[in-house]
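Peer 1:
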Amino acid sequence: MTHDDPTLLLQVNDTTLRLKDHSSELSEENRRLRLTSEKLEEEVGRVGSAQARLKTRSLRGQLEEAREHAEEEHRRRVSSEMTLSRDLTTTEKHYASKLRRAHSLHDLDRQHLEHDIDRLQHALTRQKQHHRDTIRDMYCHHGRLHRHHYCLAHSIYDCYDCLHHDPMLLD
Numbered sequence: 001m002t003h004d005d006p007t008l009l010l011q012v013n014d015t016t017l018r019l020k021d022h023s024s025e026l027s028e029e030n031r032r033l034r035l036t037s038e039k040l041e042e043e044v045g046r047v048g049s050a051q052a053r054l055k056t057r058s059l060r061g062q063l064e065e066a067r068e069h070a071e072e073e074h075r076r077r078v079s080s081e082m083t084l085s086r087d088l089t090t091t092e093k094h095y096a097s098k099l100r101r102a103h104s105l106h107d108l109d110r111q112h113l114e115h116d117i118d119r120l121q122h123a124l125t126r127q128k129q130h131h132r133d134t135i136r137d138m139y140c141h142h143g144r145l146h147r148h149h150y151c152l153a154h155s156i157y158d159c160y161d162c163l164h165h166d167p168m169l170l171d
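Written out as structure tokens, the structure is:
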């Protein structure tokens, strides 16, 4: 029996119920035979006929046979229940282990993701600072190069001459 079989518990319950039903049927049959045997013994005690004694012996034989069959069925049922219980316990342990492993992997994944988020946030902060520094440097550089230039009032992004410097122009 494999541990990855999802219907194991259903099979265990179904088999156990069938065995219990069969065992109770055999117990009922055993009880009926015992009652019949007792009635015949009483009748033999009253009548004392040879035919009744033969019938009683036959019924006693059937009763003994039914008792042996019921005991054998009971032993099989108990053995089967023990095997199924062992298999169920093994399966529960297996899945509990898998669940613990999955939780452990989930925790590791969460830690890695948190580390990645922290690393990316740090990189983003550095890039933002670098961008601010670059913009500041561009404005400072633009102002030094073009103090007398007509684009001083413009943004460096709007000044065509600053962005596309013409070497023929004298600064």
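Using the UniProt record's numbering, you'd call the opening residue of the sequence shown number 1 and step up by one each time. We put the beta carbon where it would ideally sit given N, CA and C, even for glycine.
Hey, is the region 95-106 in contact with the region 68-83, meaning 3+ C-beta pairs nearer than 8 Å?
Peer 2: Segments in contact, no.
Peer 1: Any heavy atom of the ligand ZN closer than 7 Å to the CB of residue 91?
Peer 2: With respect to the ligand ZN, the structure offers nothing, as it holds no ligand at all.
Peer 1: Taking residue 37 as the reference, which of 23, 25, 61 has the closest Cα?
Peer 2: Per the Cα distances, 61.
Peer 1: For residue 84, does the count of other Cβ atoms within 10 angstroms reach 16, so buried, or fall short, so exposed?
Peer 2: Label assigned to residue 84: buried.
Peer 1: Does residue 78 pass the burial test, meaning 16 or more other C-beta atoms within 10 Å, or should it be called exposed?
Peer 2: Residue 78 is exposed by the Cβ-count criterion.
Peer 1: Just to confirm before moving on: does the CB-CB distance between residue 13 and residue 66 stay below 8 Å?
Peer 2: It is not a contact, given that the beta carbons lie outside the stated cut-off.
Peer 1: At the level of alpha carbons, what is the spacing between residue 125 and residue 105?
Peer 2: In a straight line, the C-alpha of residue 125 is about 30 Å away from that of residue 105.
Peer 1: Looking at the structure shown, is residue 7 part of a helix, part of a strand, or coil, going by DSSP?
Peer 2: Note: residue 7 maps to coil in three-state DSSP.
Peer 1: If distances are taken between C-alpha atoms only, which option among 55, 80, 51 comes closest to residue 23?
Peer 2: It is 80 whose Cα lies nearest to the Cα of residue 23.
Peer 1: Report, in whole angstroms, the separation of the C-beta atoms of residue 33 and residue 54, which I expect to be a contact under 8 Å.
Peer 2: Contact doesn't hold; Cβ gap of about 16 Å is too wide.
Peer 1: Within a Cβ cutoff of 6 Å, which residues of the same chain sit near residue 171, ignoring the five residues on either side of it in sequence?
Peer 2: Note that residue 171 scores a pLDDT of 48, beneath 50, so its modelled location is shaky and nothing firm can be said.
Peer 1: Can you tell me whether residue 17 is buried or exposed, with buried defined as 16 or more other CB within 10 angstroms of its CB?
Peer 2: Looking at its Cβ environment, which holds fewer than 16 other Cβ atoms inside 10 Å, residue 17 is exposed.
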